[in-house]
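Single-structure report; data block below.
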Amino acid sequence: MKRDPVIAPAVVLIWGAVALFVLYPLGRLLLLTFWNGGPSLDAVRGLLGDWTHRAALVNSLLLAALVGIAGTALGFAFALLAVRANLPRWFGRALDAVVLLPLISPPFTAAIALIFALGPRGLISYHVFGLTRVNIYGLAGTLLSETLTYFPIAYLTLKAVLANVDANLEDSAFSLGARRWRVFRTVTLPLTTPGVANAFLLVSAASLADFATPLILGGTRFPVLPTQAFLQITGLYDMRGGAALCFLLLVPALAVFAGQRWFTERRGGSFVTVTGKVGAATRVKSLSPAAVLGLAVVCGLVVALVLVCYLLIFAASIVRGLGADNSLSLAHYGHVFSGGLKAVRDTLIVAVICMPVGGLFAVVLGFLVSRTRFPGRRALEFAAMMNYALPGTIVGIAYLVAFNDPPLALTGTAFILVVCYVFRYSLAGTRATSAVLAQIDPSIEEASASLGARRDVTFRRVVLPLIRPALLAGMTVLFIRAMTAISATIFLVSLSWSLVTVRILEGITNLELGQASAFSMLVILLVYAAVAVASLAMRRLNAGSLGQAGTLLGG
Amino acid sequence: MSNAKLLKEKGLKPPTSWNDLLDPAYKGQIQTADARTSGTALTRILSIYYAFGKDEDRAFDYQKKLHGNVQVYTKSGGGCTIPAALGQAIVCIAHMPDAMEAKKKGYDMVVTFPREGVAAVIEAVALVKGAKNRELAAKFIDWTFSKDMQDLLDKNQVYMLPTLPGATIEPAVQSLMKEARLLPVDLDWVGKSRKRLVERWVNEVIKE
C-alpha cells in the first residue's frame, strides 16, 4: 500500500501515549526496584529475607492455581449445563444474569457477604446448619470467595468454546456406538482442552491480581502479594518495598499472560470446529439425564450461594443496622444521594469521559495493528496490552511512582483516573475491533482509496461505521470497569476526585456497612443498566459475532 | 468491646483484664487489628507494653499467647467492630469510639477496659509545610482547639473525647471513662520504637 500522510502521525501519537502512560511508569517502577545509587538487588533481596513476603509469594501462586482449577471446573459445569443440556432459553438468560453478578459487582462485596453467609455466625453456616467452628478467614475463605467471583470468566469463555464444538461430531461418535462418558472423554474434552487451558489462565490471572478479597479474608495467616504491596505503601510508607513486591508479582503475571496469549493465538486453527456444511441440527444428547441433574444440583447450589450473598448485601442496604435493628429504612440510600453524591458524580464523570476517549483509542489501535503495516507494529500491540495484563496494584503503584511529583504531578486528578482506565481497559475494544475487521474484506477500504479518499476519510466514513459494534463493546467494558475497579485507582484518588469503590472500602472499614451496601447496590444497578442498553444497541447493530455485552468481560 | 448476646450464651463475664482474653473460651473468638496497617493496633501493643510494666519481653510473650485466641487481624482499626456486632467474634479489641458507634447503631455491645490500664492516643492536626492556604489552615487549626469545635464532638456523637477542659462530654461516656485507667505514654519513645515494635510483632507474634 502507498505511504499515507495520516497513518504515520496516528502511529506516532499512539506510540507517544503508550510510551508515556504505559512504558514510562513501568520503567520508573523497575528503576525504583533495581536502582539504589547504582544497579542494586537489595530491595528484592530484602523482601525475600522477610518471611511474610516469602509466604505471600508462595500463597499468591498457590491461590492462583487453586482458584484457576476450581473456577475452571465450575465454569465448565455451568457451560455444559447452558450449552449441552437442552434447557429452555429463558433459563439460560436467567443463568447468565446471576452468573454475571459477581463479575460486575464492586470489589469487597462478595467477600463481605460471604462472611455474613458462612462466617462463625453466618446465615447459612450457623443459622441453617448450626455450625459454630467455621473459619472463613485464610486460604479456604479466600479461595471460595475468589472462585465465586471469577468462575464467571471461565463460564463465559467455555460457553463460547463448547457452543463451537459441533454437536454432530458427538453424534458421529454416538452412532459409532460409543457411550456418553467415552464421547465426553474422547471427543468433547479434547476439542475443548485449549479453551479450558485458556479459561484456567484467565481465572488464575484474575486471582493473582485480586487485592480486595485477601484484604478482607486473608488475615495475617494468608498474606498474598497484591495485598502486601498495598500495605507496604499505605501502611508502612515504603515505596521501594512496594515496588519490589510489584516486581515479584509482575513475573508470574507476565508468565500467565504470555501463556494465555499463546493459547488464544492458536485458537484460529486448532479447536474451532466450524465446518462448511452444518448437518441436520440434531437434539444434543451428549449428557445423560443423570448428568444433567448432577450439574443442575451443583450449579443450583452455587447460584443459591451467590443469591444469598447478594440478598444479604441488599438487606444490609435497606435496614437500619443489619442484625441489630432490622426495621426497613432508606437512610443508607439517603446518604448515598447526599453525602455520597460526590463520589457517585465523580465516578460517573470519569466513566463517561473514559468511554469516548478509550473507545476511540481502542478502535484506532485495533485498526492500526490489524490493517496497516509499520515498523514496530507487534511491539506497539504488546506494549499497549501491558497495563491490561498486569495486576492493577502494579499499574497503580507504577503510576504513583511516576506521576506523584513534578514535572508530572498528576495523582489525585480526574485526568490520571481517566488515563489509568483508558490504558487498562481499552483492550476489549481493541480485540473486538480486530475481530470485526477480520470479517470485513479490505477491498471495501481499497475501493474508497481508489476513489481518492485519504486514509483518515476512509477510516471515518467506511471503517468506523463498520466497526461501530466494536466501538460500542469497548465503551461498555470501559464504563463497567470504571464503575467497579479499585486495585489501580485506589493509589490515585484524592479529596477532589474520589470513586464509589473507594467509598465502599471506607464504608466497610469505618463501620458503615449499610452505606457500603447501598453504594454497591447502586453500582450493580448502573452496570446492569449499561449492559442491558449495550446489548440492545448491539442487537440493533447486528453485532451477532460479538455476542452479548456481558460476554466481553469474559476475556 | 464484646458481643453481649454471645457472652451470655457462653456464660462469660465481659473481660476486664488482658489476661481474661487468654481464656480458652475465647479461642477463635477475638478480632483485632493488624499492626502493619492500623494505628489502633499500635495503641494495643503500647497498652500491653505499659500494662506489663514496660517489660517488652513479657508484653510480647503475652501477645503470642493472645494470638492463639485471635480469629483474624483486620486491616483497619475498627474493622472488627461489625463482625463482633454481628456475632462473627465475641471480642473486638479496638478504640472506644468504635464501640460506642456500634452501640449507637443498636448493636448490643458491652464496652470494657482492662484493669491493668490502656494507652490513649491523641488525634493530631498539622499544617503542611508550604501549604497553599496557610492562613486559612491556621485559622482552621485554631478553631479545632476552641470550645465551639470540641463541643461538636459530643453533639454529633463522635465519641472521641475533647482535650479542652470544660468541653461537653455526655454522661454515659463520662461514667464509662471512669473505668478506664489511662497509662502515661512516652511519645518520644513511641516515635523511636514504632518500627521496631511492629517488626517484632510481625516476626514473633503472628509468625506460625
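Here the protein sequences line up with chains A and B, keeping their order. Sequential numbering from 531 applies to the first sequence in the working numbering. Sequential numbering from 82 applies to the second sequence in the working numbering. Positions of the beta carbon are idealized from the N, C-alpha and C atoms, including for glycine. This one's a predicted model, so the numbers in the text were calculated from it and none came from an experiment.
Enclosing beta strand (DSSP E) for residue 151 of chain B [first to last residue]: Counting from 1 along the second sequence, the entry for residue 151 of chain B is found at position 70. That run of the beta strand (DSSP E) goes 151-155.
Thinking C-alpha only, which one of A:711, A:632, A:712, A:572 is nearest residue 686 of chain A? To locate residue 686 of chain A, count along the first sequence from 1; it is residue 156. Taking the Cα of residue 686 of chain A as reference, the smallest distance to any Cα among A:711, A:632, A:712, A:572 is reached at A:632.
Would you be able to state if there are at least three C-beta pairs under 8 Å between the segment 700-714 of chain A and the segment 115-124 of chain B? no
Rounding to the nearest angstrom, what Cα-Cα distance links residue 711 of chain A and residue 678 of chain A in this structure? By one-based count along the first sequence, residue 711 of chain A stands at place 181. By one-based count along the first sequence, residue 678 of chain A stands at place 148. Using only the alpha carbons, I get a separation of about 27 Å.
Could you check where the alpha helix (DSSP H) with residue 750 of chain A kicks off and where it finishes? Counting from 1 along the first sequence, the entry for residue 750 of chain A is found at position 220. Segment: none, residue 750 of chain A is in no alpha helix (DSSP H) and carries neither H nor E.
Need the endpoints of the alpha helix (DSSP H) that residue 903 of chain A sits in, please. Residue numbering aside, residue 903 of chain A sits at position 373 when the first sequence is read from its first letter. Run containing residue 903 of chain A: none; DSSP gives neither H nor E here.
Quick check on residue 542 of chain A: buried or exposed, where buried means 16 or more other Cβ atoms within 10 Å of its Cβ? Counting from one through the first sequence, the residue named residue 542 of chain A turns up at place 12. With fewer than 16 Cβ atoms within 10 Å of its Cβ, residue 542 of chain A is classed as exposed.
To which residues does DSSP link residue 654 of chain A through a beta bridge? Counting from 1 along the first sequence, the entry for residue 654 of chain A is found at position 124. Residue pairing by DSSP places residue 654 of chain A in no beta bridge whatsoever.
Only counting the same chain, and skipping five residues up and downstream in sequence, which positions put a Cβ closer than 7 Å to that of residue 799 of chain A? The residue you call residue 799 of chain A lines up with position 269 of the first sequence. Since pLDDT at residue 799 of chain A reaches only 40, below the 50 mark, its modelled position is unreliable, and the value read off the structure follows with that caveat. Nothing listed; no residue qualifies.
By the 7 Å beta-carbon criterion, what residues does the segment 114-127 of chain B contribute toward chain A? Sequence-ordered contacts of the segment 114-127 of chain B with chain A read 115, 117, 118 [C-beta pairs closer than 7 Å].
So, is residue 220 of chain B buried or exposed, given that buried needs 16 or more other C-beta atoms within 10 angstroms? In the second sequence, the residue the question calls residue 220 of chain B occupies position 139. Counting Cβ neighbours within 10 Å, residue 220 of chain B comes out exposed, since fewer than 16 surround it.
Give a yes or no on whether the minimum CB-CB distance between residue 572 of chain A and chain B is below 7 Å. Counting from 1 along the first sequence, the entry for residue 572 of chain A is found at position 42. False, the Cβ-Cβ gap to chain B never drops below 7 Å.
Spatial neighbours of residue 989 of chain A within its chain, please: CB distance less than 7 Å, with the 5 preceding and 5 following residues excluded, ordered by chain position. In the first sequence, residue 989 of chain A corresponds to position 459, counting from 1. So the qualifying residues of the chain are 897.
List, in chain order, every chain B residue whose beta-carbon is nearer than 7 Å to that of residue 651 of chain A. Reading the first sequence from its first residue, position 121 is the one you call residue 651 of chain A. Simply 167, 168, 169.
Pairwise C-alpha distance: residue 697 of chain A and residue 851 of chain A: As a first step, residue 851 of chain A must be located in the first sequence, where it is residue number 321. As a first step, residue 697 of chain A must be located in the first sequence, where it is residue number 167. Computed Cα separation, rounded: 52 Å.
Does the CB of residue 761 of chain A have a neighbour CB from chain B at under 7 Å? Residue numbering aside, residue 761 of chain A sits at position 231 when the first sequence is read from its first letter. True, the Cβ-Cβ gap to chain B drops below 7 Å.
Residue 651 of chain A versus residue 169 of chain B - alpha carbon distance: If you number the first sequence from 1, residue 651 of chain A lands on position 121. If you number the second sequence from 1, residue 169 of chain B lands on position 88. Answer to the nearest angstrom: the Cα atoms are 5 Å apart.
Roughly how many whole angstroms lie between the Cα atoms of residue 1085 of chain A and residue 1014 of chain A? As a working mapping, residue 1085 of chain A is identified with position 555 in the first sequence. As a working mapping, residue 1014 of chain A is identified with position 484 in the first sequence. Below a pLDDT of 50, predicted positions are generally treated as unreliable, and residue 1085 of chain A, at 45, falls in that range; the measurement from the model is reported next regardless. Taking the straight line from one Cα to the other gives about 16 Å.
Beta carbon proximity, residue 854 of chain A to chain B, threshold 7 Å: Within the first sequence, the letter at position 324 stands for residue 854 of chain A. So yes, residue 854 of chain A belongs to the interface.
Establish whether the CB of residue 576 of chain A and some CB of chain B are separated by less than 7 Å. Counted from its first residue, the first sequence places residue 576 of chain A at position 46. No - not a single Cβ of chain B is within 7 Å of the one on residue 576 of chain A.
From which residue to which residue does the alpha helix (DSSP H) around residue 250 of chain B run? Here residue 250 of chain B is taken as the residue at index 169 of the second sequence, counted from 1. First-last for residue 250 of chain B: undefined, no H or E at that position.
Nearest neighbour of residue 1116 of chain A, chosen from A:1044, A:638, A:839, A:611 [CA to CA]: No statement about residue 1116 of chain A is possible, as the shown extent of chain A runs from 531 to 1085 and does not include it.
Measuring only the C-alpha atoms, how far is residue 200 of chain B from residue 645 of chain A? Position 119 of the second sequence, counted from the start, is the residue given in the question as residue 200 of chain B. Position 115 of the first sequence, counted from the start, is the residue given in the question as residue 645 of chain A. Going from the Cα of residue 200 of chain B to the Cα of residue 645 of chain A covers about 31 Å.
Is it buried or exposed, residue 946 of chain A, if we count other Cβ atoms within 10 angstroms and call 16 or more buried? Locating residue 946 of chain A in the first sequence gives position 416, counting from the first residue. Label assigned to residue 946 of chain A: buried.
Sorted by chain position, which residues of the same chain lie with C-beta nearer than 7 Å to residue 102 of chain B's C-beta, five sequence neighbours on each side aside? In the second sequence, counting from the first residue as 1, residue 102 of chain B sits at position 21. Excluding sequence neighbours, residue 102 of chain B sits near 96, 111, 147, 150, 172.
Quick check: is the beta carbon of residue 225 of chain B nearer than 7 Å to any beta carbon in chain A? Locating residue 225 of chain B in the second sequence gives position 144, where the first residue counts as 1. Answer no: the Cβ-Cβ gap between residue 225 of chain B and chain A never drops below 7 Å.
Please check the pair residue 594 of chain A and residue 738 of chain A, which I expect to be a contact at CB under 8 Å, by giving their CB distance rounded to whole angstroms. Taking the first sequence and counting its residues from 1, the one referred to as residue 594 of chain A is at position 64. Taking the first sequence and counting its residues from 1, the one referred to as residue 738 of chain A is at position 208. So it is a contact: roughly 4 Å between Cβ atoms.
Based on the DSSP secondary-structure assignment, which residues constitute the bridge partners of residue 83 of chain B? Along the second sequence, one-based indexing puts residue 83 of chain B at 2. DSSP lists B:172, B:191 as partners of residue 83 of chain B.
Cβ of residue 271 of chain B within 7 Å of any chain A Cβ: Position 190 of the second sequence, counting from 1, holds the residue named residue 271 of chain B. Not one chain A Cβ lies under 7 Å of residue 271 of chain B.
Using a Cβ-based criterion (distance less than 6 Å to any ligand heavy atom), does residue 717 of chain A qualify as near the ligand ZN? Looking at this structure, you won't find the ligand ZN or any other ligand, since it has none at all.
Let me check understanding here. Comparing Cα to Cα, which of A:1061, A:942, A:861 lies closest to residue 1042 of chain A? Mapped onto the first sequence, residue 1042 of chain A falls at position 512. The option with the nearest alpha carbon to residue 1042 of chain A is A:861.
If contact is defined by three or more beta carbon pairs under 8 Å, each pair taking one atom from either stretch, is the segment 712-731 of chain A in contact with the segment 581-591 of chain A? Result no; under three Cβ-Cβ pairs closer than 8 Å.
Proximity below 7 Å, CB of residue 1060 of chain A to CB of residue 1009 of chain A: The residue you call residue 1060 of chain A lines up with position 530 of the first sequence. The residue you call residue 1009 of chain A lines up with position 479 of the first sequence. Yes, the pair counts as a contact, with Cβ atoms nearer than the cut-off.
Residues in the same chain with beta-carbon distance under 7 Å from residue 1021 of chain A, minus the five sequence neighbours each way, listed in chain order, please. By 1-based counting over the first sequence, the position of residue 1021 of chain A is 491. Closer than 7 Å at the Cβ level, and outside the excluded window around residue 1021 of chain A, lie 926, 927, 929, 930.
Whole-number beta carbon distance between residue 866 of chain A and residue 1052 of chain A, since they are thought to touch under 8 Å: Numbered from 1 along the first sequence, position 522 holds the residue referred to as residue 1052 of chain A. Numbered from 1 along the first sequence, position 336 holds the residue referred to as residue 866 of chain A. So it is a contact: roughly 6 Å between Cβ atoms.
In chain order, what residues of the same chain lie with their CB nearer than 6 Å to the CB of residue 832 of chain A, ignoring the 5 residues before and after it? As a first step, residue 832 of chain A must be located in the first sequence, where it is residue number 302. Cβ within range, chain order: n/a, list empty.
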